[in-house]
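Report on the structure given below.
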Amino acid sequence: MNRNLFELQAAICKCLSHPKRLEVLCELKSGEKSFGELQQATGLSKANLSQHLTIMRERGVIHARREGQHLHFSVANPKITEACRLMHEVLRERIDTEQRAAGSV
């Protein structure tokens with residue numbers, strides 16, 4: 004792999020290192036959502052949600068579409084949500100392993 008690819012991957016991973024951004028991504032995996040829907044689902048203030056969405060758009064994680072005065076957001080590539088799903092599986096396996104180990108002590 005070339006160095007540029009590693010840098011891009013690191014930028015996306017950094018973008019997704021915030022729990023609220025992961026929550027936004029989780030909300031979007033079922034389809035496009037409006038700003039208001041995302042705000043209601045996440046409980047974030049307008050300013051805070053806007054900041055997170057801007058970071059996610061700049062990194063190419065999500066797309067934004069304007070419809071009149073409303074913005075709608077969607078995942079830029081379904082492989083992004085698949086990668087997050089795989090990471091969830093890895094973490095669940097880790098938690099299960101740790102719980103089994105703690106139970107056998």
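Here the sequence shown is numbered in this note's numbering, starting from 4 and rising by one per residue.
C-beta atoms are modelled at their ideal positions from N, C-alpha and C, and glycine is treated no differently.
No experiment lies behind these values; they were computed from the predicted model shown.
Residues that DSSP places opposite residue i in a beta bridge
i, result
"Arg68", "His75"
Nearest-angstrom Cβ-Cβ length linking residue i and residue j, presumed shorter than 8 Å
i, j, result
"Phe76", "Ala67", "6 Å"
DSSP-derived helix/strand/coil call for residue i
i, result
"Ser107", "coil"
"Ser37", "strand"
"Arg62", "coil"
"Asn51", "helix"
"Lys32", "coil"
"Asn5", "coil"
"His91", "helix"
"Leu19", "coil"
Of the residues the options, the one placed nearest residue i, counting alpha carbons only
i, options, result
"Arg3", "Arg62, Leu52, Phe38", "No answer is possible for residue 3: the residues shown for the chain start at 4 and end at 108."
"Gln54", "Arg24, Leu31, Asn7, Glu40", "Arg24"
"Lys36", "Phe9, Asn51, Leu56", "Leu56"
Beta-carbon gap between residue i and residue j smaller than 9 Å
i, j, result
"Ile15", "Arg62", "yes"
"Leu11", "Ile83", "no"
"Ser48", "Gln42", "yes"
"Ala44", "Val64", "no"
"Glu30", "Glu40", "yes"
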